[in-house]
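Contents: one structure, followed by commentary.
Right under this line is the structure:
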């Protein structure tokens, strides 16, 4: 198994790392979209997440990694084991059968039994589904992902099979905007959207190259060097998850979020919900019990930049428009 680059060793790209950590603390935020230049660590950060997250308890032998706490009887009589949180790649060329699952042809031919062979959505349950170049994904797979992401379960009806299984995952997509835009229906399903850029300052560029070269020359030694930092971050995530239910969002914070969305003209109420959930997860990471302006400021751009309508009279980027609205509402 390939060794993942340590999450803590990623240089810069603070907004991207923060968005991924927020989604790890509270999956209900709704996933992360990472758009930007090639070679800026987008896929590296996502793959590093798998090694960073603490293992989860699952029902032994279950292909969907079911949570024993949600099973009848609270899982008291079920055998369980600890498994890594899945981070599953969805290749652009994947067939629908590979994604949703299909008839197990080998068992059908050798045993004459109709059995279901789980797909990528089954493997991603309770974890992360990663799509590189998500803006190039075929339309029929986009429609399928939208349906499953909304319902939290995968339904397969084919070849005389009728299967329904849980498929709750955090959708993480990356891409280069120069290669095409993302369909609005799927774009709206991502809770947070971050932009990554090639570092423009000399020390950061040198440090990125130095760390990458050290990692490729001796992955084990480099990973061991950064293990204490990754362990510290893992404990921070675990503590934030425990703290999350006790973090409160006062009416004043909700009012701020609504005022911000109204000022930006976002459609629907998903913007306010995402700002609220992301700010609460960030407060849990920060170790505070009440969401305040500090959290709202930091999550505003990733939560709202991809929800803005195009303004033909304003050619500034969506992130700049959010920053401007934040400055007007919260003060410079």
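Residue numbers (our numbering): 239 to 570.
Ideal Cβ positions, reconstructed from N, Cα and C, are used throughout, including at glycine.
#### Entry: Supposed contact pair residue 328 and residue 358 - C-beta distance, whole angstroms, cut 8 Å
At roughly 6 Å, the Cβ-Cβ gap stays under 8 Å, so residue 358 and residue 328 are in contact.
### Query
Using the beta-carbon count (16 or more within 10 Å), is residue 438 buried or exposed?
Burial check for residue 438: the Cβ neighbour count within 10 Å stays below 16, so the residue is exposed.
### Query
Alpha carbon to alpha carbon, how far is residue 451 from residue 248?
Taking the Cα positions, residue 451 is about 13 Å away from residue 248.
### Query
Which residue from 476, 455 and 557 puts its Cα closest to that of residue 294?
Closest by alpha carbon: 476.
### Query
Per DSSP, what kind of secondary structure is residue 295 in: helix, strand or coil?
Residue state for residue 295 is assigned as strand, using DSSP reduced to three classes.
### Query
With burial defined as no fewer than 16 other Cβ atoms inside 10 Å of the residue's Cβ, what is the status of residue 564: buried or exposed?
Buried.
### Task
Mind checking who residue 402 pairs with in its DSSP beta bridge?
Its beta-bridge partners are 393.
### Task
Pick helix, strand or coil for residue 444, following the three-state DSSP scheme.
Residue state, collapsed to three classes: helix.
### Message
Please tell me whether, using a cut-off of 7 Å, the distance from the CB of residue 520 to the nearest non-hydrogen atom of the ligand NAD is below it.
### Response
Questions concerning the ligand NAD fall outside what the structure shown contains, since it holds no ligand whatsoever.
### Query
Which value, in whole angstroms, describes the spacing of the CA atoms of residue 280 and residue 469?
About 21 Å.
### Query
Which term fits residue 592, buried or exposed, when burial requires 16 or more other beta carbons within 10 angstroms of its beta carbon?
In this structure the chain extends from 239 to 570, so residue 592 is not present and cannot be described.
### Message
Quick check on the DSSP output: the alpha helix (DSSP H) that includes residue 556 runs from which residue to which?
### Response
For residue 556, the enclosing alpha helix (DSSP H) has its first and last residue at 556-568.
### Message
Do residue 270 and residue 407 have their beta-carbon atoms positioned less than 8 Å apart in this structure?
### Response
Here residue 407 is not near residue 270, since their CB atoms are 8 Å or more apart.
### Message
Please report the straight-line C-alpha distance between residue 263 and residue 252, rounded to a whole angstrom.
### Response
If I take the Cα positions, the gap works out to 16 Å.
### Cut-off 6 Å between Cβ atoms - residues of its own chain near residue 425, not counting five sequence neighbours on either side
Around residue 425, the same chain offers 544 as residues with beta carbons nearer than 6 Å, after the five sequence neighbours per side are excluded.
### Task
Using three-state DSSP, classify residue 369 as helix, strand or coil.
Three-state result, residue 369: strand.
### Query
Is the beta carbon of residue 518 less than 8 Å from the beta carbon of residue 487?
A contact, by the Cβ cut-off of 8 Å.
### Task
Could you check what DSSP says for residue 283 in three-state terms: helix, strand or coil?
Residue 283 falls in the helix class under three-state DSSP.
### Query
Any idea what DSSP makes of residue 313, helix, strand or coil?
In this prediction, residue 313 has a pLDDT of 48, which is less than 50 and means its spatial position is unreliable; what the coordinates show is noted afterwards. Three-state result, residue 313: helix.
#### Entry: As assigned by DSSP and simplified to three states, the class of residue 290
Under the three-state reduction of DSSP output, residue 290 falls in the helix class.
### residue 241 burial status per 10 Å Cβ neighbour count (16 or more: buried)
Burial call: exposed.
### Task
May I have the straight-line CA-CA distance separating residue 376 from residue 411, to the nearest angstrom?
Going from the Cα of residue 376 to the Cα of residue 411 covers about 14 Å.
### Task
Using the Cα positions of residue 421 and residue 339, report the straight-line distance between them to the nearest angstrom.
One C-alpha to the other measures close to 24 Å.
### Task
Using the DSSP secondary-structure output, state which residues sit across from residue 211 in a beta bridge.
For the chain, the structure presents residues 239 to 570; residue 211 sits outside this window and is missing.
### Query
Between residue 361 and the rest of its own chain, which residues show a CB-CB distance below 6 Å, the 5 nearest in sequence each way excluded?
Its chain contains 324 and 326 as the residues whose beta carbon lies nearer than 6 Å to that of residue 361, once the 5 sequence neighbours on both sides are disregarded; these appear in chain order.
### Task
Can you grab the Cα-Cα spacing for the pair residue 568 / residue 381, in whole Å?
Rounded to whole angstroms, residue 568 to residue 381 spans 38 Å at the Cα level.
### Task
Would you mind sorting residue 558 into buried or exposed? The rule is 16 or more other CB atoms within 10 Å of its CB.
By the 16-neighbour rule on beta-carbons within 10 angstroms, residue 558 is exposed.
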